[in-house]
């Protein structure tokens, strides 16, 4: 896929929209996390704005920033060793209490890293399949605008420390989709890009196809 919009200002605005959209969406949804749709409707009706007096993002936004910092430092030369060192330096080796890391996959990863386990063994925990990598995948699509395969390659490197299997595929699908959107792709081409980088018989691919059909 080639860049449709080569204007740097257009790409900058799309990057800003992608990352701010991630953060705003995170803050909008945070109060309703783990609630059933019926519970959300009963409490707020349809959520169309912030429902908290002090809206804030969660670990989803924080880890997206973490991944963005890795890309700013290493770019396409990013390695698993870079990612693992950053987990230790910025998170695991800091004495911030047992729940630093927030999400289930992050907690499992931090526990393994603190036990001295290295990637990919650090990703061998009960939640390696989770959406934790997908939540921080947008920066890879922004960085590799118009290059879904490169976005998928880089996010898999990041995810090797914390995820495996479907957890990696989810991150790759999001990163590739964002890369296509950054290039001005249509909704159909964004979905196509997401599906192109993951196994067609994976749970992630099947779920994505079902979602498209339902939409």
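Numbering (the numbering used here), first residue to last: 109 to 323. No residue lacks a Cβ here, since even glycine has one placed at the ideal position from N, Cα and C.
May I have the straight-line CA-CA distance separating residue i from residue j, to the nearest angstrom?
i, j, result
"residue 290", "residue 168", "20 Å"
"residue 317", "residue 287", "19 Å"
"residue 246", "residue 127", "7 Å"
"residue 225", "residue 156", "43 Å"
"residue 192", "residue 179", "14 Å"
"residue 301", "residue 281", "8 Å"
"residue 162", "residue 271", "32 Å"
"residue 154", "residue 195", "37 Å"
"residue 138", "residue 255", "31 Å"
"residue 248", "residue 150", "37 Å"
"residue 115", "residue 165", "31 Å"
Which residue from the options puts its Cα closest to that of residue i?
i, options, result
"residue 187", "269, 296, 321", "269"
"residue 250", "234, 292, 265, 232", "292"
"residue 214", "255, 177, 178, 171", "171"
"residue 233", "194, 218, 123, 197", "218"
"residue 212", "142, 227, 136, 235", "235"
"residue 240", "216, 137, 303", "216"
"residue 177", "197, 257, 159, 122", "197"
Can you give me the start and stop residues for the alpha helix (DSSP H) that residue i sits inside?
i, result
"residue 280", "274-290"
"residue 164", "Careful: residue 164 lies outside any alpha helix (DSSP H) and carries neither H nor E."
"residue 261", "256-267"
"residue 311", "311-322"
"residue 250", "246-251"
I'd like to check one pair, residue j with residue i: are the Cβ atoms closer than 8 Å?
i, j, result
"residue 321", "residue 277", "no"
"residue 298", "residue 285", "yes"
For residue i, does the count of other Cβ atoms within 10 angstroms reach 16, so buried, or fall short, so exposed?
i, result
"residue 117", "exposed"
"residue 220", "buried"
Using 8 Å as the limit for Cβ to Cβ distance, is residue i near chain C?
i, result
"residue 128", "The structure shown contains no chain C, having only a single protein chain."
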